[in-house]
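> For reference, the structure I am asking about is given below.
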Amino acid sequence: MKRGQCAIVRCLHLKEGDRRRLSELGISPGKTLIYRGAALLRDPLLFETKEALIAVRRKDAQQIEVSG
């Protein structure tokens, strides 16, 4: 995703615990994400949801399937 790009979460291809953690933070199927950028060394990545700004490890973000 490019900075400022908006997408809809389709699926989280993560282990149950990681999937639950992201869902509790507002990243779950059907929710809208906006990519806001990355830290200096490109990890973690910063996403905006309706609820908050959330930092997500790059390896976890790569397992989030989005569309749009």
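Here my numbering is used: position 36 in the sequence shown is 53, and no number is missing along the way.
Glycine included, every Cβ here is placed at the ideal spot set by N, Cα and C.
Could you give the DSSP three-state label for residue 34: helix, strand or coil?
Counting from one through the sequence shown, the residue named residue 34 turns up at place 17. Correct three-state label for residue 34: helix.
> Nearest to residue 67 by CA position, among 57, 42 and 36, is which residue?
Along the sequence shown, one-based indexing puts residue 67 at 50. It is 42.
> Indicate whether residue 36 and residue 60 have their beta-carbon atoms separated by less than 8 Å.
As a working mapping, residue 36 is identified with position 19 in the sequence shown. As a working mapping, residue 60 is identified with position 43 in the sequence shown. Cβ atoms of residue 36 and residue 60: not closer than 8 Å.
> Comparing the C-beta of residue 26 with each C-beta of chain C, is any distance below 8 Å?
The question asks about chain C, but that chain is absent: this structure has only one protein chain.
> Going by C-alpha distance, which of 58, 64 and 45 is nearest residue 52?
Reading the sequence shown from its first residue, position 35 is the one you call residue 52. Minimum Cα distance to residue 52 is reached at 64.
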